[in-house]
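This note's numbering applies: residue 122 is where the sequence shown begins, and numbers increase by one. Remarks on the structure that follows.
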Amino acid sequence: MQLHTRRHTLHLARTFTIARSSVDTEEVCAVQLDHDGITAYGEGAPVDYWGESAASVADAVEAEGLALIGPDPLALGEICERIRRWDGPQGAKMALDGVVHDWFGKRLGHPLWRLFGLPRHTPPTSFTIGIASVDETVEKVREATGFEVYKVKVGGPGDLERLEAVRAVTGARLRIDGNEGWTIDTARELMPTLLRLGVEFVEQPFPAADLASYHAYRLLPQRLPVLIDEGCKDLADLAGIAGYADGIVIKLSKCGGIREAHRMVHAARALGLQVMVGCMIESQLGIAQAAQLAPLVDHVDLDGHLLITGSPYQGLGFDGGRLVLADAPGLGVVPSPDGITSPHTPEVSA
């Protein structure tokens with residue numbers, strides 16, 4: 122059995138700005154598992170606000186990945202439990218979870234979504250519009266044709282003007298993401314206009330630790346539903362969230378992979394929470410991992426691969442504003458012939 126890591130630098134088509142930062146590139150760590158004549162792939166996206174990087178993800182996988190997988194990749198449940206209990210970076214968990222799921226699907230000869238007993242059809246994905254000037258925001262919406270849903274990042278000056286301008290050029294559904302950039306006073310001020318514009322919900326308006334603002338928000342006579350992103354890591358967070366919010370955002374980079382995300386979906390349903398599956402800036406490989414569960418959820422925000430130029434992997438389809446899951450075994454994603462990789466990080470073997 123061989124395990125390899127490779128770091129990929131993903132270049133954004135446009136500078137991407139949210140309430141706390143702006144980026145032009147993101148780096149991810151891909152993992153390749155070769156065993157029993159099968160080559161499988163997985164990807165991990167580091168969570169930078171937790172201090173992770175593609176380098177730290179790669180180092181962790183190289184140091185402990187083979188031991189975590191063990192001698193039998195078919196023992197998927199045991200492997201995923203070892204990964205869950207591991208104290209390594211969440212991005213490394215995502216990568217290892219992804220590669221063993223891909224190998225498992227390929228070994229059985231079926232796509233993962235079929236092994237999960239799910240349909241191939243997924244809800245429409247939103248397309249994310251970062252914080253920018255009014256004119257730039259409108260230009261981005263006009264360029265991103267064919268989407269049923271837009272998610273507009275907010276938390277900067279002129280949010281209402283930008284949203285009014287977006288509504289003037291599209292009748293598509295709108296969602297907003299505060300990335301912890303609001304105060305309760307901001308929410309009170311913006312709410313009447315947001316409701317008038319038909320915004321569906323707001324994602325993580327206040328800092329994750331500011332539970333007082335979330336409880337005060339729930340007392341507003343009229344309000345948008347709130348979905349928790351930065352404050353939702355894994356299954357252990359859900360019971361608390363049910364007491365102050367309306368839904369959760371599941372990201373594999375935070376929860377550690379497909380297995381934990383699957384558990385979270387069903388727990389959220391039992392708690393009466395809405396569920397959205399989201400992503401970081403990832404290639405088609407990382408997005409395909411989350412997309413396997415897209416038929417299970419209420420909302421999909423898996424557009425990270427649509428925000429970059431080129432891709433080191435291919436195989437995930439897109440049509441009519443929806444992701445098209447591959448019919449090939451496993452994740453159905455393979456390296457692109459002209460794959461993009463960081464020049465400073467040659468492939469290494471564990």
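Backbone N, C-alpha and C fix where the C-beta goes; we use that ideal spot for every residue, glycine too.
As summarised for the stretch 267-311, the continuous beta strand (DSSP E) elements at least 3 residues long and confined to that stretch are 270-274, 294-298, given in chain order. Within the DSSP secondary-structure output, Arg127 pairs in a beta bridge with Ala151. Excluding residues up to 5 positions away in sequence, Leu356, Leu359 lie with their Cβ nearer than 7 Å to the Cβ of Ala388 in the same chain.
Nearest Cα to His125 within the set Ala134, His132, Arg135, Val152: Val152. Beta-bridge annotation (DSSP): Asp440 is paired with Arg443.
Within the DSSP secondary-structure output, Ala161 pairs in a beta bridge with Leu154.
The C-alpha of Ile305 is placed about 43 Å away from the C-alpha of Val454. Going by C-alpha positions, Leu318 is about 14 Å away from Pro346. Per DSSP, the beta bridge partners of Phe248 are Tyr271. When Ser142, Ile362, Asp256 are compared, the shortest CA-CA separation from Ala391 is found for Ile362. For Leu236, the enclosing alpha helix (DSSP H) begins and ends at 233-236.
Counting along the chain, Glu324 sits inside no alpha helix (DSSP H); it lies in the beta strand (DSSP E) bounded by residues 320-324.
DSSP places Gly368 in the uninterrupted beta strand (DSSP E) bounded by 368-371. CA-CA distance, Val320 to Lys261, rounds to 18 Å.
Counting along the chain, Met397 sits inside the beta strand (DSSP E) bounded by residues 395-398.
Annotation: the continuous alpha helix (DSSP H) that includes Ile379 extends over 379-391. Taking C-beta atoms as the reference points, Cys150 and Ala184 fail to come closer than 8 Å.
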